[in-house]
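Asker: UniProt numbering applies: residue 1 is where the sequence shown begins, and numbers increase by one.
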Amino acid sequence: MITRTICIAAIQAAALYSTANFNLSVESFSLGSSSSATSMEQRTTTTALSMAGGVRTRGLEQRREGATPTEGGMTLYVKAAEDGTSVGDCPFAHYIRMILEEKKLPCQVQPCASNDDKPAWLMEYYEGKLPCLKHKKEAYVESNVIAAYLDYFFPFTDGSDDDERERKAATEKAEDAMEGFFPAVAGYLKDVDGDNDESSPKLVALREKLAALEETLGDNGGATNNLDGTAAFGLLDCRLVPQLYHLKVGIEAFKQHKQPNLETEFPRIHGYLVRSMERSSFQNTSYSPETIEWGWSNARNTIN
1 MITRTICIAA IQAAALYSTA NFNLSVESFS LGSSSSATSM EQRTTTTALS
51 MAGGVRTRGL EQRREGATPT EGGMTLYVKA AEDGTSVGDC PFAHYIRMIL
101 EEKKLPCQVQ PCASNDDKPA WLMEYYEGKL PCLKHKKEAY VESNVIAAYL
151 DYFFPFTDGS DDDERERKAA TEKAEDAMEG FFPAVAGYLK DVDGDNDESS
201 PKLVALREKL AALEETLGDN GGATNNLDGT AAFGLLDCRL VPQLYHLKVG
251 IEAFKQHKQP NLETEFPRIH GYLVRSMERS SFQNTSYSPE TIEWGWSNAR
301 NTIN
């Protein structure tokens, strides 16, 4: 049995490794990500999930006086929307909020429009990165690290060895299918020159990633199964659904040819997204299509 102390030691290594190599905030993807960085992100995601999270031994972990105004509770700091007060379009923050909803964990959500809105400790110890989860007197950044932390201490599963082995194997297969998906989405939505070009290289690359997901959903079978082939809506689903939502809205908002057509070209993905968006965890955490359009317009430099 892994003790909490041993687990935290392993967690720290995963978190420091991930922080040193990439930033999983929406801003980093808006600026673009290389394929090598994407591969590293996916591998580190697997590592973080298997090692159960990521805690940095600095800042709030030092138990400083008054560091946590909501003692015992959770606060999630996220990117704000255009109005500066409501929740913004960050799919990584959405990922965490869906997990919290699925696990029925109460959490105060704090939108941040600028660095001025962030607590001093977040700027000083965590470089102002969002999303950031504060729980008791600890803080966690990088969405996959936050997800792993939540799943370790508040697991979806019943904790049996058989269940854990099956879920691990299914997770690894599903993660392979997700590798590089969101950078392909981001590259396509930012490709202004390809808005009316059905032969755009960015569109070709995106279709390849969608085909991998379509195949995975097909191999897993069933009209109600999720990405890992189980009927349980898990971490990977919470991660993928916001990304598909961004793609769906972005195609409609920016692409004159409305390609790819998810319903006709990738019917399994389309069905998966439709039923996932009907879940209360999505509906309770979602933001409007206009908010997504605003966010990607910033990345495309097309806001009037």
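Ideal placement from N, C-alpha and C gives every residue a C-beta, glycine not left out. Quick caveat, the model's predicted, so the values are computed rather than measured.
Is the stretch 217-232 in contact with the stretch 243-259, if contact means three or more CB pairs nearer than 8 Å?
Answerer: Because the criterion of three Cβ pairs below 8 Å is not met, the stretch 217-232 and the stretch 243-259 do not touch.
Asker: Start and end of the beta strand (DSSP E) containing residue 238?
Answerer: Careful: residue 238 lies outside any beta strand (DSSP E), inside the alpha helix (DSSP H) at 235-254.
Asker: Hey, out of 220, 104, 92, whose CA is closest to residue 141's CA?
Answerer: Minimum Cα distance to residue 141 is reached at 92.
Asker: Ends of the alpha helix (DSSP H) at residue 216?
Answerer: Residue 216 -> alpha helix (DSSP H) spans 201-220.
Asker: Does any residue of chain C bring its CB to less than 8 Å from the CB of residue 296?
Answerer: Of the chains in the structure shown, none is chain C; there is only one protein chain.
Asker: In whole angstroms, what is the alpha-carbon distance linking residue 206 and residue 263?
Answerer: Computed Cα separation, rounded: 15 Å.
Asker: My understanding is that residue 79 touches residue 133, with C-beta atoms under 8 Å, so please give their C-beta distance in whole angstroms.
Answerer: Going by Cβ atoms, the distance from residue 79 to residue 133 rounds to 14 Å, so no, they are not a contact pair.
Asker: Would you list the residues sitting across from residue 133 in a DSSP beta bridge?
Answerer: DSSP, once it has assigned bridges, lists 76, 140 as partnering residue 133.
Asker: Decide if residue 41 is buried, meaning its Cβ has at least 16 other Cβ atoms within 10 Å, or exposed.
Answerer: For residue 41, the predicted structure reports a pLDDT of 41, less than 50, and the residue's modelled location is therefore unreliable. A value from the coordinates is still provided. Classification of residue 41: buried, given that the 10 Å Cβ count is 16 or more.
Asker: Can you say whether residue 118 is buried or exposed, counting buried as having 16 or more other CB atoms within 10 angstroms of its CB?
Answerer: It counts as buried.
Asker: Would you decide whether residue 67 is buried or exposed? Buried here means 16 or more other CB atoms lie within 10 Å of its CB.
Answerer: For residue 67, the predicted model reports a pLDDT of 41, less than 50, meaning its position is unreliable; a value from the coordinates is still stated below. The residue is buried, with at least 16 neighbouring Cβ atoms inside 10 Å.
Asker: Buried or exposed: which applies to residue 111, given that a residue is buried once 16 or more other Cβ atoms fall within 10 Å of its Cβ?
Answerer: Its Cβ being crowded by 16 or more others within 10 Å, residue 111 is buried.
Asker: Note down the Cα distance separating residue 193 from residue 120, rounded to an integer number of angstroms.
Answerer: About 41 Å.
Asker: Pick helix, strand or coil for residue 314, following the three-state DSSP scheme.
Answerer: With the chain covering only 1 through 304, there is no way to say anything about residue 314.
Asker: Considering Cα atoms alone, identify which of 244, 155, 176, 249 is closest to residue 291.
Answerer: Residue 291 has its Cα closest to that of 249, out of 244, 155, 176, 249.
Asker: If you check the beta carbons only, do residue 147 and residue 99 fall under 8 Å apart?
Answerer: Going by C-beta atoms, residue 147 is nearer than 8 Å to residue 99.
Asker: Below 7 Å CB to CB, which residues in the same chain sit around residue 238 once its five sequence neighbours on both sides are set aside?
Answerer: Here the set comprises 95, 98, 99, 102.
Asker: By DSSP, does residue 299 sit in helix, in strand, or in coil?
Answerer: If DSSP states are grouped into helix, strand and coil, residue 299 belongs with the helices.
Asker: Taking residue 265 as the reference, which of 275, 210, 243, 244 has the closest Cα?
Answerer: Comparing Cα positions, the closest option is 210.
Asker: DSSP state of residue 260, grouped into three classes?
Answerer: The answer is coil: DSSP assigns residue 260 none of H, G, I, E or B.
Asker: Is residue 145 closer than 8 Å to residue 109 when the C-beta atoms are compared?
Answerer: For residue 109 and residue 145, no; Cβs fall outside 8 Å.
Asker: Within the continuous beta strand (DSSP E) that includes residue 109, where are the two ends?
Answerer: First-last of the beta strand (DSSP E) with residue 109: 108-112.
Asker: For residue 101, report the span of its alpha helix (DSSP H) as first-last.
Answerer: Its alpha helix (DSSP H) spans residues 91-102.
Asker: Can you check which of these residues, 115, 201, 216, is closest to residue 172 by C-alpha distance?
Answerer: Residue 172 has its Cα closest to that of 216, out of 115, 201, 216.
Asker: Using beta-carbon positions only, say whether residue 191 and residue 202 come within less than 8 Å of one another.
Answerer: The answer is yes: Cβ separation under 8 Å.
Asker: In the DSSP assignment, the alpha helix (DSSP H) including residue 182 goes from what residue to what residue?
Answerer: Run containing residue 182: 181-189, per the alpha helix (DSSP H) assignment.
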